[in-house]
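K.L.:
After the structure tokens below, expect a handful of questions from me.
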Ligand code: PLP
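In the numbering used here, the protein residues as written are 8 to 396.
Here it is as structure tokens:
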């Protein structure tokens, strides 16, 4: 009998798992809009443009051709082929079909990757502020996050910062460049430093390449392309940001054979393969060479430059990010250190919605994340509103 009472509870493993704080902000914004206020929504994390027509058409064609049955669980051949070519051309990663698995977006790819690499008590190093779900994904695998402030990386160099955190339990380094929320892009020399430590200490690198296409200054490289790194790097890709496909839920993971069978098992036992017509659309997106990505980068750069200037003129402090589509704004002087209070103050005074920096880790306190991925009228509205701050 007592068993029946305790059965009616969630499983213990879900108890520590977080639920996005950003939902709280979204709810506040929706309440404000419903009460008649006009809100400039810079709190989001999505491309502002719709999914390009040629991608939607590929999905429609697949549906009309009856591509509605189970696909091979690792991905349809035409998509795997398109990914293989793209990896060789853009990322300089040599990977065969067997080294690639199609997943239901970046989050799913990361989930499967952490589950396939980390054992309880293993330590994984990453930079903070970080994309919020990473901490939960890591903790859910039983591993322990070891954080390095991005400021320390910028000031003292990445190699020293990592070496200071190494212990006998260190198993992995998670790299996210361009980074959400800071927009930092690691230079090739930084990647070489990370690679040197990883090789010396026999570590795995999990590289989250979600924003690989959104680069505004210089070039960007994939750490898996560095000498001797392909055998110890798991690269996680998503079509969400590059192709404005956040709602389609599709991405892919590239990994050496050490982990690929485990990752494939995770994919099979979680989603049993990604929706078949979606995979046809993804193949069209990845095969596209029309210059769509270059045009989008131009649109983002324009918005970034306008917003960075307006923020700095308003007395807030904001570096110009080299990649992704976020501004990580230092509000300590103007609005104070408590980033939840600062977010509310900015929302009340200007109608600008943002995300408190502390949501991305303690190192984000005193900052607000704002997205410049917005239609031009919203960007102009935000610039106007900042003049009134
Ligand atoms: N990685 C980073 C750093 C992100 O910011 C995101 C989404 O915001 C993802 C991965 C996952 O994207 P998705 O699950 O939409 O493919």
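Glycine included, every Cβ here is placed at the ideal spot set by N, Cα and C.
Just so you know, these numbers come straight off a predicted model, no measurement behind them.
Using alpha carbons as the reference points, say which of 185, 14, 134, 122 lies closest to residue 334.
P.N.:
Answer by Cα proximity: 185.
K.L.:
Give me the Cβ distance between residue 169 and residue 212, rounded to the nearest whole Å; I'm assuming they're in contact under 8 Å.
P.N.:
That pair is no contact at about 11 Å.
K.L.:
So is residue 397 buried or exposed if we call it buried at 16+ other beta carbons inside 10 Å?
P.N.:
Examination of residue 397 is not possible in this model, given that the chain is present from 8 through 396 alone.
K.L.:
Find out if the Cβ-Cβ distance for the pair residue 55, residue 382 is shorter than 7 Å.
P.N.:
Result yes, Cβ atoms of residue 55 and residue 382 sit closer than 7 Å.
K.L.:
Three or more beta-carbon pairs under 8 Å between the stretch 92 to 107 and the stretch 258 to 272, yes or no?
P.N.:
Yes, they touch.
K.L.:
Buried or exposed: which applies to residue 102, given that a residue is buried once 16 or more other Cβ atoms fall within 10 Å of its Cβ?
P.N.:
Residue 102 comes out buried.
K.L.:
Rounded to the nearest angstrom, what separates residue 44 and residue 312 at their Cα positions?
P.N.:
Rounded to whole angstroms, residue 44 to residue 312 spans 27 Å at the Cα level.
K.L.:
Bridge partners of residue 359, per DSSP?
P.N.:
DSSP lists 47 as partners of residue 359.
K.L.:
Take residue 388 as the anchor and find which of 38, 47, 14 has the nearest alpha-carbon.
P.N.:
When only C-alpha atoms are compared, the closest one is 47.
K.L.:
Indicate whether residue 275 and residue 257 have their beta-carbon atoms separated by less than 7 Å.
P.N.:
No, these two residues do not count as a Cβ contact at 7 Å.
K.L.:
Among 32, 317, 25, 60, which residue has its Cα nearest to the Cα of residue 361?
P.N.:
Of the candidates 32, 317, 25, 60, the one whose C-alpha sits nearest the C-alpha of residue 361 is 32.
K.L.:
Just the C-alpha distance for residue 15 and residue 127, rounded to the nearest angstrom, thanks.
P.N.:
Residue 15 and residue 127: Cα-Cα distance of roughly 27 Å.
K.L.:
Over what stretch of residues does the beta strand (DSSP E) that includes residue 377 continue unbroken?
P.N.:
Note, residue 377: beta strand (DSSP E), 374 to 378.
K.L.:
When a residue counts only if its C-beta is closer than 6 Å to some heavy atom of the ligand PLP, which residues count, in chain order?
P.N.:
The set, ordered by position in the chain, is 52, 112, 113, 114, 138, 183, 187, 215, 217, 245, 247, 253, 258.
K.L.:
Looking at the strands, I want to know which residues DSSP matches up with residue 177.
P.N.:
Paired residues: 130.
K.L.:
Just how far apart, CA to CA, sit residue 331 and residue 357?
P.N.:
Approximately 25 Å, taken between the alpha carbons.
K.L.:
Is it the case that the Cβ atoms of residue 192 and residue 227 are separated by a distance below 7 Å?
P.N.:
Cβ distance < 7 Å, so residue 192 and residue 227 count as in contact.
K.L.:
What are the partner residues of residue 183, as DSSP defines its beta bridges?
P.N.:
DSSP, once it has assigned bridges, lists 215 as partnering residue 183.
K.L.:
When the Cα of residue 286 is compared with those of 121, 324, 67, which residue comes out closest?
P.N.:
If we check each option's Cα against that of residue 286, 67 comes out closest.
K.L.:
For the stretch 200 to 268, list the beta strand (DSSP E) runs that are entirely contained and at least 3 residues long, ordered along the chain.
P.N.:
Complete beta strand (DSSP E) runs here, min 3: 211 to 215, 240 to 245, 258 to 261.
K.L.:
Please classify residue 60 as buried or exposed, where buried requires at least 16 other C-beta atoms within 10 Å of its C-beta.
P.N.:
The residue in question, residue 60, is exposed, as its Cβ has fewer than 16 Cβ neighbours within 10 Å.
K.L.:
Taking the alpha helix (DSSP H) that residue 342 belongs to, which residues open and close that run?
P.N.:
339 to 342 is the span of the alpha helix (DSSP H), which, as asked, contains residue 342.
K.L.:
So which of 271, 348, 241, 194 has the shortest CA-CA distance to residue 329?
P.N.:
With distances taken between Cα atoms, residue 329 lies closest to 194.
K.L.:
What separation, rounded to the nearest whole angstrom, lies between the Cα atoms of residue 176 and residue 279?
P.N.:
Approximately 33 Å between the Cα atoms of the pair.
K.L.:
Could you compute how far the alpha carbon of residue 142 sits from the alpha carbon of residue 174?
P.N.:
Their Cα atoms are separated by approximately 19 Å.
K.L.:
With distances taken between CB atoms, is the gap from residue 291 to residue 90 smaller than 7 Å?
P.N.:
No; because the gap between Cβ atoms is not below 7 Å, this pair is not in contact.
K.L.:
For residue 294, collect the residues of the same chain with a Cβ closer than 6 Å to its Cβ; drop the 5 residues on either side in sequence, then sort them by chain order.
P.N.:
Cβ within range, chain order: 89.
K.L.:
Is DSSP giving residue 15 helix, strand or coil here?
P.N.:
Correct three-state label for residue 15: coil.
K.L.:
To which residues of the same chain is residue 348 closer than 8 Å at the C-beta, ignoring the five residues directly before and after it?
P.N.:
Once the five neighbours on either side are set aside, the close Cβ partners of residue 348 are 342.
K.L.:
With a threshold of 16 other CB atoms inside 10 Å of the CB of residue 77, please say whether the residue is buried or exposed.
P.N.:
With fewer than 16 Cβ atoms within 10 Å of its Cβ, residue 77 is classed as exposed.
K.L.:
Under three-state DSSP, which class holds residue 324?
P.N.:
Three-state result, residue 324: strand.
K.L.:
Can you give, in chain order, each stretch of the beta strand (DSSP E) that sits fully within the stretch 50 to 110 and has at least 3 residues?
P.N.:
Counting only runs of 3 or more, we get 107 to 110.
K.L.:
Would residue 129 and residue 165 be called neighbours here (beta carbons separated by less than 7 Å)?
P.N.:
Contact: no.
K.L.:
Taking the beta strand (DSSP E) that residue 365 belongs to, which residues open and close that run?
P.N.:
Element bounds for residue 365: n/a, residue is neither H nor E.
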